[in-house]
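Taken in sequence, the protein lines are chains A and B. Counted the way our numbering counts, the first sequence spans residues 1 to 118. Counted the way our numbering counts, the second sequence spans residues 119 to 626. Using N, Cα and C, we set each Cβ at its ideal position, and we do this for glycine too. Report on one structure; see the data block that follows.
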Amino acid sequence: MTLRECYAALGGDYDAVMGRLRSEERVRRFLGLFGADESFALLTAAMGEADWASAFRHAHSLKGVSLNLALTALAQTSSDLTECLRPGAPAQDPVPLYEAVKAAYQTTVDAIAALDPA
Amino acid sequence: MEKSSKNNKRTILIVDDTAFNRALLGDILSLDYNILEACDGQEAADILKERWMDIDLVLLDVVMPKIDGVTLLGMMNKNQWLQSTPVIMISADDSPENIDRAYDLGATDYITRPFDEKTVRYRVRNTIQLYAKQQVLEDMVTQQIMEKERSNFQMVEILSNVVEFRNGESGLHVRHVRVFTDVLLQTVRRRCPEYGLTSAKISVIANASALHDVGKISIDEKILNKPGRLTPEEFEIMKTHTVIGARMLEETPGQTDSTDGFLQIAHDICRWHHERYDGRGYPDGLKGEEIPIAAQVVALADVYDALTAVRVYKDPYPPEQALKMILNGECGAFNPVLLECLVECADRLNRELELGDVEPMDSAEIRRVTNQLLERGELSASRRTLSLLDQANARFEFYADVTGDLIFQYDRDSRRLMLSRAAAQRLGLKRLVVQPDADPAGRSLGESYLDIRGLLEKTTADGPDAEGEYTLQLPQGPCRFRLQLRTLWDGESPGWTRVVGKLTEITQ
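Below is the structure:
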């Protein structure tokens, strides 16, 4: 699929990312790098160990990365998880929020994999 | 403080624990800037410690392991790195309290994710330009203030020398009084906080002390230089130099001087440096603390130098004896606390003279002026430059203290010859000789003096080294030396500005 179709599939905002990063070439390059970003894997590991401080950091990183690429669905779910894990936040079970991040992450990775070469 | 690198691009340090973010920022900026990366606050701190002078901007993530962005910002603030290296925070965290905290700690700007490529470029460019300009301006202001202070002091010195030469004195008296005043006041400041002395005020008083006898310019030369005792009438006329000096300063046109300003302090010193603590001085018979502290201290410095210096009519008293005479009340009545201060700093007084701490604007002076600036404003760009300058002077003093070599340094503008301890001993000179060609002791260098001048004239900026062999007339007889010297050129003034050299005795 095209870059625009890919953004539609993963619940992102194609116009926003093009407005900010200016070129399809750059957006594609960084979508490629997104696969190599370890934030999600580290988040998963930290959740497994109930290491909330690390989980907060990695959720926060994932949110930053997906915001920059306008991966809106992933940005929203990881933002919710970040706020839940933020030190001093009201106690709330983070696991359902993590599951939402996981689903959005999978959708995103799948869509990027289905992207036509430029 | 010039920031440049091999390819003339400015350098940006990107601090982010997420490789993706570093790559994205690097991609946006690497065309126009050199990029350094750090993956957490600790690594960034290590890089900054080594290279903060070379880094023009830091892009700083907030949430990071080990040392987070806010902590690093605090460290940069504390270490003064922020003064020359601006920080732009970048974070997905757009909560107002975090943004406020970053600005409070000295961040220049705050960019929230997701960021726009153009926004990043423009904010980075503007911040770097702003800081570069500010630095150039800071350096210019510091430079100009130093120039101004220097020429102010030189004017005061010229004026005081005019008075002294008319008075048949050497011009050294003014310098000595200034050094003594400064040292005494430092001691007073430590012991008596009630006088409210600050380093800035001490500096003003020490400079103003040079004018204490300026009123003598209007005293008839016949009285001023009369050999032998003055008649009571003549003494009355002589006494008016205090009031006349004070009036000259009062009538200085265009004065908009505060009570703590130079003119006011110079006025107080002129008028009241012959008052006595017991109220039996002149012209006003002020008593005790009615006499401003500036005038009290200059009066004491004046007397101390009069005792320890050579005069046409007397040999110098050794410092210990001068001190005893003052403490016994043979030379006037002084504030007992001031006398205690004198006892405390007596050793320092003599040492300061020996070291020749009489440069028109010595390193302590420059430091003081700069500190005043720092207290008032944000001028710290030149801090490093000044400290290098300081170190260069201190280095020569140190070598000169500890070396057994016969080494010296001569400054063309101030015409001062500084000798290492060993050289002073061997040549029978003081460690500081002002105008060696005019000084009787300096003349012991004999006819070699002219030859040495010839040697100096042969040096150039590209070939500053020269050497020769000379016979010097020493107290214990003529002695043959090999002289090696190097002239120093500042690239601005015509000719050399300084000479450093070493003498080696040639044993037959």
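Listed along the chain, the chain B residues whose CB falls inside 7 Å of the CB of glycine 64 (chain A) are Thr136, Asn139, Ala210, Arg231. Assigned with DSSP and collapsed to three states, arginine 533 (chain B) falls in coil, not helix or strand.
No Cβ of chain B is located within less than 9 Å of the beta carbon of arginine 28 (chain A). From the listed residues B:Leu425, B:Cys449, B:Gln414, B:Ile217, the smallest Cα separation to cysteine 459 (chain B) is found for B:Gln414. Contact annotation: the stretch 176–187 of chain B touches the stretch 54–65 of chain A, with at least three C-beta pairs closer than 8 Å. Shown here for leucine 425 (chain B): same chain residues with a beta carbon closer than 6 Å to its own, the five before and five after excluded, namely Tyr435, Ala440 in chain order.
For the stretch 66–80 of chain A, residues whose beta-carbon sits nearer than 7 Å to a beta-carbon of chain B comprise Leu67, Asn68, Ala70. For alanine 364 (chain B), the enclosing alpha helix (DSSP H) starts and ends at 359–368. Lysine 344 (chain B) and aspartate 331 (chain B) have their C-alpha atoms roughly 17 Å apart. Taking the C-beta atoms as reference points, tyrosine 528 (chain B) is found no nearer than 9 Å to leucine 467 (chain B).
Of all residues in the stretch 28–49 of chain A, the ones placed with a Cβ closer than 9 Å to any Cβ belonging to chain B are Arg29, Phe30, Leu33, Phe34, Ala36, Asp37, Glu38, Ser39, in chain order. For glutamate 24 (chain A), the uninterrupted alpha helix (DSSP H) run begins and ends at 24–36, by DSSP. Its chain contains Ala210 as the residues whose beta carbon lies nearer than 6 Å to that of arginine 231 (chain B), once the 5 sequence neighbours on both sides are disregarded; these appear in chain order. In this structure, tyrosine 98 (chain A) and methionine 18 (chain A) do not form a Cβ contact; the two beta carbons are roughly 30 Å apart against a cut-off of 8 Å. Proximity to glycine 12 (chain A) across A:Ala104, A:Ala114, A:Ala50 peaks at A:Ala104, based on C-alpha coordinates.
Short of 8 Å from the beta carbon of alanine 100 (chain A), and not among the five residues preceding or following it, lie these beta carbons of its own chain, in chain order: Thr77, Asp80, Leu81.
Residues of the stretch 235–263 of chain B with a C-beta less than 7 Å from any C-beta of chain A: Glu235, listed in chain order.
Contact check for alanine 111 (chain A) and leucine 10 (chain A): beta-carbon distance about 4 Å, within the 8 Å limit, so the pair qualifies.
In the structure shown, glutamate 49 (chain A) adopts coil according to DSSP, grouped into three states. Here arginine 530 (chain B) is near threonine 615 (chain B), since their CB atoms are less than 9 Å apart. Using a Cβ distance threshold of 9 Å, isoleucine 341 (chain B) and isoleucine 355 (chain B) count as a contacting pair. Contact of valine 181 (chain B) with chain A by beta-carbon distance below 7 Å involves Arg57, His60. Leucine 21 (chain A) reaches chain B at Glu235, counting residues in chain order whose Cβ is nearer than 7 Å. In the DSSP secondary-structure assignment, lysine 620 (chain B) is bridged to B:Ile525, B:Gln602. Taken in chain order, the whole alpha helix (DSSP H) runs of length 4 or more contained in the stretch 189–243 of chain B are 214–222.
Between glutamate 25 (chain A) and alanine 118 (chain A), the C-beta spacing is below 9 Å. Contact annotation for aspartate 145 (chain B) against chain A: Arg26 [CB-CB distance below 7 Å, chain order]. With respect to chain A, the C-beta atom of leucine 142 (chain B) has a partner C-beta closer than 9 Å. DSSP places aspartate 338 (chain B) in no alpha helix (DSSP H); its state is neither H nor E.
Proximity to alanine 156 (chain B) across B:Ala137, B:Pro582, B:Phe526, B:Gly450 peaks at B:Ala137, based on C-alpha coordinates. Interface with chain B (9 Å Cβ-Cβ cutoff): alanine 104 (chain A) is excluded. Counting the other CB atoms within 10 Å of its CB gives glutamine 247 (chain B) a total below 16, which places it among the exposed residues. Look at the beta carbons and you see the stretch 440–449 of chain B not touching the stretch 320–335 of chain B: under three pairs across the two are nearer than 8 Å. By the beta-carbon neighbour count (other beta carbons within 10 angstroms, threshold 16), serine 278 (chain B) is buried. Here phenylalanine 56 (chain A) is not near leucine 31 (chain A), since their CB atoms are 9 Å or more apart. Fewer than three beta-carbon pairs drawn from the stretch 570–580 of chain B and the stretch 543–550 of chain B are found closer than 8 Å, and the two stretches are therefore not classed as touching.
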